[in-house]
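Letter by letter, the sequence shown follows residues 313 to 468 in the numbering used here.
Below is one structure, written out as structure tokens, with a few remarks after it.
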Amino acid sequence: MQRALVERELTSEGPSRRAPRRGGRSVTMNLAESPLTWLHARGHLSDRLFAAGELLRADWERAQLSQGLTMRWDPVRIKGGADRGLNLSERQVAAKQRFDGALAAAGSGLSDVLWRVVCAGETLPVAEKALDWPVRSGKLVLKIALERVADFYRIA
């Protein structure tokens with residue numbers, strides 16, 4: 313995994329976007345690390361929940377649901393997996409169906425934070441603020457959503 317380490321000022325709300333002040337508290341962050349990986353690496357998510365989030369993100373990427381900045385001329389190459397034997401369009405449709413099914417399994421109240429953290433790569437504090445939720449409530453809701461997604465993907 314690629315690392316992009318930066319030193320950030322540590323505030324009461326978490327790491328800021330500013331460089332640390334002299335004599336102030338600071339934290340080293342890896343900007344290449346996803347919020348889901350960060351939570352798993354620090355013991356906030358079990359292996360099962362992490363795997364569910366990674367499968368959801370993989371389906372998001374395979375379905376090519378993220379916004380594109382320009383036309384894509386290169387074909388998507390997917391090795392193995394559940395979509396073997398399907399052409400590119402069929403794989404994309406199958407991934408979209410799995411993604412939609414996983415979000416439906418999570419439920420309407422839980423899929424918002426799930427999409428923001430897993431697919432959009434927002435940190436929990438940013439997602440909580442965008443959803444107008446109380447501070448530190450997102451982790452619990454995310455865990456419940458990931459439990460449902462793990463059940464959908466049949467992860468033991």
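Here a beta-carbon is modelled for each residue, glycine too, at the ideal position from N, C-alpha and C.
Considering only the alpha carbon of each residue, which of the options lies closest to residue i?
{"i": "R448", "options": "R460, R374, T435 and L458", "result": "T435"}
{"i": "V425", "options": "K455, G413, R315 and R466", "result": "K455"}
{"i": "V405", "options": "A417, L377, S420 and T349", "result": "L377"}
{"i": "S358", "options": "R466, F464 and E459", "result": "E459"}
{"i": "E402", "options": "L422, D371, A418 and S420", "result": "D371"}
{"i": "G336", "options": "L415, E321 and L400", "result": "E321"}
{"i": "G419", "options": "L351, D463, A316 and R334", "result": "D463"}
{"i": "A410", "options": "K441, R428 and G365", "result": "One point to set straight first is that residue 410 is Arg, not Ala, in the sequence displayed. The option with the nearest alpha carbon to R410 is G365."}
{"i": "A416", "options": "T340, H356, S338 and V461", "result": "V461"}
{"i": "A316", "options": "R333, A331, P332 and T340", "result": "T340"}
{"i": "D412", "options": "N399, L361, R360 and L367", "result": "L367"}
Residues in the same chain with beta-carbon distance under 7 Å from residue i, minus the five sequence neighbours each way, listed in chain order, please.
{"i": "L443", "result": "D424 and V425"}
{"i": "S346", "result": "G433"}
Around the C-beta of residue i, are 16 or more other C-beta atoms found within 10 angstroms, so that it is buried, or is it exposed?
{"i": "V318", "result": "exposed"}
{"i": "P446", "result": "exposed"}
{"i": "R291", "result": "The shown model of the chain, from 313 to 468, leaves out residue 291, and the question about it has no answer."}
{"i": "A468", "result": "exposed"}
{"i": "A414", "result": "buried"}
{"i": "R428", "result": "buried"}
Would the beta-carbon of residue i fall within 8 Å of that of residue j?
{"i": "R374", "j": "A407", "result": "yes"}
{"i": "V453", "j": "L348", "result": "no"}
{"i": "A439", "j": "G450", "result": "yes"}
In its own chain, which residues sit with a C-beta less than 6 Å from the C-beta of residue i, not counting the 5 before and 5 after it?
{"i": "A457", "result": "A418, L422 and L426"}
{"i": "P332", "result": "E319, E321 and S338"}
Ignore the nearest five residues each way along the sequence and tell me which others in residue i's own chain have a CB closer than 8 Å to its CB.
{"i": "A353", "result": "E345"}
Using a Cβ-Cβ cut-off of 8 Å, state whether residue i counts as contacting chain C.
{"i": "A432", "result": "No chain C is part of this structure, which consists of one protein chain only."}
> Taking the runs of the alpha helix (DSSP H) that are 4 residues or longer, which of them lie wholly in the region 414 to 444?
Replying inline: 423 to 426 and 436 to 442
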